[in-house]
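Residue numbers (our numbering), protein chains in the order written: chain E, 1031 to 1204; chain F, 22 to 264; chain V, 2 to 520.
Data block below; observations after.
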């Protein structure tokens, strides 16, 4: 089935579609930090997301090349894990726990309140771009349900009023 | 023994790659079978002419254990181990057919059919259809639920097309691209029910790292990946019968 | 005279404002011209009282809680620094009934120490286990753990010593110790408490495991939802290296050991040991079939010990006081103690470490004080999202592996989630399938497709659509998932569903008298 005359070989053909530009130097620095470490793909992806806010699709090729794996493999890994995003989130990310302990203490109502207040559903970003609202399944704060994580800051026994304060705080982020 | 296996292999898919090892004697469905150590129970059953129904296993690829169709009963062991990932042991007593296994296999295959174009079930001749016959299932009890039947067909490659509606996520294509071809152009994107075969970063096959070797097309048991030459006048998805 | 005041730095305490409380105390002390030593300790695990402030007095540590920053001025006025009376006062902490009736072995230091002070750790018995182990033959260390009867506290309950024996006798090198710190079950936080509150006990246990099995490197696979634990563990590792506890010569012995933390990325299935190993190897977290066991062919194909956080945190005391000391707690085949985590709609949510044998009712009512809402307890889920829901009738069951297994329940990680009578059990069952669908790795059909069909069937039943037929189909589907799935996620997702159907059929619109489906 391979027919070189129809499908010329070479990197150009296999670079895939054009991706938007991104900070290649930042990615290079992370790749350098994790060079030769066994099983380094997840730490690399975490590093890129921490530096750039998300993992740019264009960076997949750069990462794949550095760790000697295919773009397909790297894409498969990124798409498997819910933490990794491929586009810029809102200025703040609010994760509301959806799991059983928080359910027992009103997380469903709290989530509905957040959706109404922000004007978006779980998994979406508010229309003003301020807050991305995401589900999370357990924050380990089950003695203080319901729990929320706002940009890495943990909150417990969150009430609708408390949530309003958090959202106001989130909206003020630059 | 090696040559016997090779002869068998000419006409039959043994399920898992043949190994060379010391002979191991076991019993499958009451029949004594001897295969090399390192062989799977699936291969032993095939060698003993009691082949176990399968979908994700094929003897050109390492066992994967995902479809859960090839379940068998092994004396002294709890549960229903997969024949493809279970290695033979001396004196093992295997049952490949029983009412319970029949029930479980049917249950598994019904789940597959609940996300498969129903119009493509009758009259087909892929490996999937063979398995449907062996397991005795032609329909499913789940009604209309979430599915992947509307996912677009990728006809970018001149030689083959990919119709995701028929994909059962057995990963044989991904594994073939890894193990046989060594190109690693395919992956499964997403996870769980959203799992989808993807070329490179979810591109058209033609734009991706695919080198068009056809190993994935050969490996696909449902004709989700299929040679275009089979379709005179082009590929058309069958329309579902009017409600 | 400097007065010692303790305010926890545990994430749960922080989530309720402990940093603001600590700052307010420092400010108030300055204003009062009183010298204090403000120590950020681990939490005692009495979370309904967090932020819990303890003052060192002549009669011992006296506790106040929950103390918000706003409460501080009033407390100072009431004589906080002398352990004075106040509505938020709880007297001498060690005498509080919630704590006094526990049997804390693994959590012996909870609330007492500064988690990152190695000196504090050693003062309270730390590193004694490792020192003793290093003076024994590695096989003797393994046998001590076997003698303790310690069973994996992650959920599977596999005898830890037997696992170590397998790795120890595997010839291949290198070998690894992997800590499963992907504590994803709702209702569980004991791992988090250990990692944040007593990181050295975990790292000591890890080194002992390495010594006993011949592994010289360890990985802690930590879920990304625990950022505080990550920071504490990394600092603890740095300290151990600087003090010669980790490195080329552990405590001066001819044994090298080091470890690092690797962070997960939002996948509950990576708490399943083989998916965890795939993730550590930089791949999609797909479940591997077993055999081969990780003990023989694990991380990068090498012999690997995979242990839960609490399991390894229980090892130092076993080496320090001997396996028999640990085994003398407990009952039947469930030896030692279990750190139980009370969670959900419960008045006094917190950590209760007890020998096996305490009943669910005792835990929920005597320790927990019933529901937080004050309404009756209607359902309890034990063991995480894959555990059965029990109703009132089953609460006299003792918390032990065999007793719960008989009722298709499980001890799991020791988490207990309490629901009051506002719970809709059909919705909980629907969620069980939804959670399985969200977290399914997608490899095997019964879980990948079955969980979605299961959710759809429950939705149809609740909507009143073709109820009898869909109920029968749901039971048949649960049978397929239980018996044909590749791992326990698909295999046990039916348990909460079947238990909800059995004990709360009315919530589904099903008649109360159902043909007995034995759960």
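Note that beta-carbon positions come from the ideal geometry of N, C-alpha and C, so glycine has one too.
It should be emphasised that the depicted structure is a prediction, and the values quoted were computed from it without experimental measurement.
Quiz item: Can the beta-carbon of residue 222 of chain V be found closer than 7 Å to that of residue 1170 of chain E?
Solution: Mapped onto the third chain, residue 222 of chain V falls at position 221. Mapped onto the first chain, residue 1170 of chain E falls at position 140. Contact: no.
Practice problem: Kindly give me the distance between the Cβ atoms of residue 142 of chain V and residue 163 of chain V, rounded to whole angstroms, as I take these residues to be in contact under 8 Å. | Solution: Residue mapping note: residue 142 of chain V aligns to position 141 of the third chain, counting from 1. Residue mapping note: residue 163 of chain V aligns to position 162 of the third chain, counting from 1. Actually they are not in contact, since the Cβ atoms of residue 142 of chain V and residue 163 of chain V sit about 14 Å apart, beyond 8 Å.
Self-check item: Contact set between residue 1090 of chain E and chain F, taken where Cβ atoms lie within less than 8 Å
Solution: For the purposes of this step, residue 1090 of chain E is taken as the residue at position 60 of the first chain. Neighbours of residue 1090 of chain E on chain F, chain order: 222.
Exercise. Go through its chain and collect everything with a Cβ distance to residue 422 of chain V's Cβ below 6 Å, but skip five positions before and after it.
Key: Along the third chain, one-based indexing puts residue 422 of chain V at 421. Closer than 6 Å at Cβ, skipping near neighbours: 376, 377, 379.
Quiz prompt | For residue 196 of chain V, three-class secondary structure by DSSP | solution = Taking the first residue of the third chain as 1, we reach residue 196 of chain V at position 195. In the structure shown, residue 196 of chain V sits in a helix (DSSP, three-state: H, G or I).
Exercise. For the stretch 97 to 117 of chain F and the stretch 458 to 466 of chain V, state whether three or more C-beta atom pairs, one from each stretch, are separated by less than 8 Å.
Key: no
Practice problem: Could you tell me which residues DSSP puts in a beta bridge with residue 65 of chain V? | Solution: For the purposes of this step, residue 65 of chain V is identified with residue 64 of the third chain, where counting begins at 1. The partner list for residue 65 of chain V (beta bridge, DSSP) reads V:54, V:90.
Quiz item: With burial defined as no fewer than 16 other Cβ atoms inside 10 Å of the residue's Cβ, what is the status of residue 11 of chain V: buried or exposed?
Solution: Counting from one through the third chain, the residue named residue 11 of chain V turns up at place 10. Answer is buried; the Cβ neighbour count reaches 16.
Quiz item: Is it the case that the CB of residue 1156 of chain E approaches a heavy atom of the ligand MN more closely than 6 Å?
Solution: This structure does not include the ligand MN; it has no bound ligands of any sort.
Quiz item: Can you find a CB in chain E that lies within less than 7 Å of the CB of residue 55 of chain F?
Solution: The count along the second chain starts at 1 and reaches residue 55 of chain F at position 34. Not one chain E Cβ lies under 7 Å of residue 55 of chain F.
Practice problem: Mind listing the chain E neighbours of residue 419 of chain V? Cutoff is C-beta to C-beta under 7 Å, in chain order. | Solution: Stepping through the third chain from its first residue, residue 419 of chain V is reached at position 418. Within 7 Å Cβ-Cβ: 1134.
Quiz item: With a cut-off of 7 Å, does the C-beta of residue 520 of chain V fall near any C-beta of chain F?
Solution: Within the third chain, the letter at position 519 stands for residue 520 of chain V. Unreliable placement is indicated for residue 520 of chain V, whose pLDDT of 45 sits below 50; the coordinate value is still reported in the next sentence. Taking Cβ atoms only, chain F never reaches closer than 7 Å to residue 520 of chain V, which makes this a no.
Quiz prompt | Secondary structure, alpha helix (DSSP H): runs of 4+ residues fully inside the stretch 21 to 52 of chain V | solution = none
Quiz item: With DSSP run on the structure shown, which of helix, strand or coil describes residue 312 of chain V?
Solution: Here the question's residue 312 of chain V lines up with position 311 in the third chain. DSSP places residue 312 of chain V in helix when its eight states are reduced to three.
Quiz item: Would you call the CB atoms of residue 1 of chain V and residue 494 of chain V closer than 7 Å?
Solution: Nothing about residue 1 of chain V can be reported from this structure: the residues present for chain V run from 2 to 520 only.
Exercise. Whole angstroms is fine: what's the gap from residue 382 of chain V's alpha carbon to residue 38 of chain F's?
Key: Sequence index remark: in the third chain, residue 382 of chain V carries index 381 (1-based). Sequence index remark: in the second chain, residue 38 of chain F carries index 17 (1-based). Their backbone Cα atoms lie some 45 Å apart in a straight line.
Self-check item: C-beta atoms of residue 262 of chain V and residue 219 of chain V nearer than 7 Å
Solution: Position 261 of the third chain holds residue 262 of chain V. Position 218 of the third chain holds residue 219 of chain V. The answer is no: Cβ separation not under 7 Å.
Quiz item: Beta-carbon separation of residue 200 of chain V and residue 234 of chain V under 7 Å?
Solution: Here residue 200 of chain V refers to the residue found at position 199 when the third chain is read from its first residue. Here residue 234 of chain V refers to the residue found at position 233 when the third chain is read from its first residue. Result yes, Cβ atoms of residue 200 of chain V and residue 234 of chain V sit closer than 7 Å.
Quiz item: Would you call the stretch 1187 to 1204 of chain E and the stretch 1113 to 1123 of chain E touching, i.e. three or more CB-CB distances under 8 Å?
Solution: yes
Exercise. Kindly indicate if chain V contains any beta-carbon less than 7 Å away from that of residue 117 of chain F.
Key: For this step, residue 117 of chain F is matched to residue 96 along the second chain. Cβ-Cβ to chain V under 7 Å: no for residue 117 of chain F.
Practice problem: Identify the continuous alpha helix (DSSP H) that holds residue 1132 of chain E and give its terminal residues. | Solution: Within the first chain, numbered from 1, the residue matching residue 1132 of chain E stands at position 102. Per DSSP, residue 1132 of chain E belongs to the alpha helix (DSSP H) from 1130 to 1133.
Self-check item: Burial state of residue 497 of chain V, where buried means 16 or more other Cβ atoms lie within 10 Å
Solution: Taking the third chain and counting its residues from 1, one reaches residue 497 of chain V at position 496. Its Cβ being crowded by 16 or more others within 10 Å, residue 497 of chain V is buried.
Quiz item: In the DSSP assignment, what are the bridge partners of residue 1 of chain V?
Solution: Past the boundaries of the shown model lies residue 1 of chain V; chain V is included only from 2 to 520, so the question cannot be answered.
Exercise. Indicate whether at least one CB of chain E lies closer than 7 Å to the CB of residue 48 of chain V.
Key: Reading the third chain from its first residue, position 47 is the one you call residue 48 of chain V. It does; some Cβ of chain E falls within 7 Å.
Exercise. Give the DSSP-derived three-state secondary structure of residue 228 of chain F in the structure shown.
Key: Counting from one through the second chain, the residue named residue 228 of chain F turns up at place 207. In the structure shown, residue 228 of chain F sits in a helix (DSSP, three-state: H, G or I).
Quiz item: Hey, does residue 474 of chain V have any beta-carbon neighbour from chain F nearer than 7 Å?
Solution: Position 473 of the third chain holds residue 474 of chain V. Residue contact check for residue 474 of chain V against chain F: a CB pair falls below 7 Å.
Quiz prompt | Contact residues within the stretch 438 to 454 of chain V, judged by C-beta distance below 9 Å to chain F | solution = Cβ contacts with chain F come from 438, 439, 440, 441, 442, 443, 444, 445, 446, 447, 448, 449, 450, 451, 452, 453, 454.
Practice problem: Mind listing the chain F neighbours of residue 584 of chain V? Cutoff is C-beta to C-beta under 8 Å, in chain order. | Solution: As displayed, chain V neither begins before 2 nor continues past 520, which places residue 584 of chain V out of reach and without an answer.
Quiz item: What's the C-alpha gap between residue 253 of chain V and residue 290 of chain V?
Solution: The residue labelled residue 253 of chain V in the question sits at position 252 within the third chain. The residue labelled residue 290 of chain V in the question sits at position 289 within the third chain. If you take the alpha carbons of residue 253 of chain V and residue 290 of chain V, they lie about 41 Å apart.
Exercise. Indicate the three-state DSSP secondary structure (helix, strand or coil) for residue 1123 of chain E in the structure shown.
Key: Locating residue 1123 of chain E in the first chain gives position 93, where the first residue counts as 1. The three-state reading of DSSP puts residue 1123 of chain E in strand, counting E and B together.
Exercise. Check each residue of the stretch 105 to 136 of chain F: if its Cβ is closer than 7 Å to any Cβ of chain V, include it; give the result in chain order.
Key: 106, 125, 128, 129, 132, 133, 135, 136
Quiz item: CB-CB under 8 Å to residue 391 of chain V, same chain, minus the five flanking residues each way: which ones, in chain order?
Solution: Taking the third chain and counting its residues from 1, one reaches residue 391 of chain V at position 390. Excluding positions up to five away in sequence, the list reads 361, 380, 381, 382, 383, 398, 408, 410, 500, 504.
Self-check item: Spatial distance of residue 1 of chain V from residue 23 of chain V (CA atoms)
Solution: No answer is possible for residue 1 of chain V: the residues shown for chain V start at 2 and end at 520.
Practice problem: At 9 Å on the CB atoms, spell out the chain V contacts of residue 1073 of chain E, in chain order. | Solution: The sequence position of residue 1073 of chain E within the first chain is 43, counting from 1. Going along chain V in sequence order, the residues near residue 1073 of chain E (Cβ under 9 Å) are 263, 264, 283.
Quiz prompt | Sequence ranges, alpha helix (DSSP H) only - wholly within the stretch 49 to 76 of chain F, length at least 4 | solution = 62 to 68
Quiz prompt | Three-state secondary structure (DSSP) of residue 470 of chain V | solution = In the third chain, counting from the first residue as 1, residue 470 of chain V sits at position 469. Residue 470 of chain V falls in the helix class under three-state DSSP.
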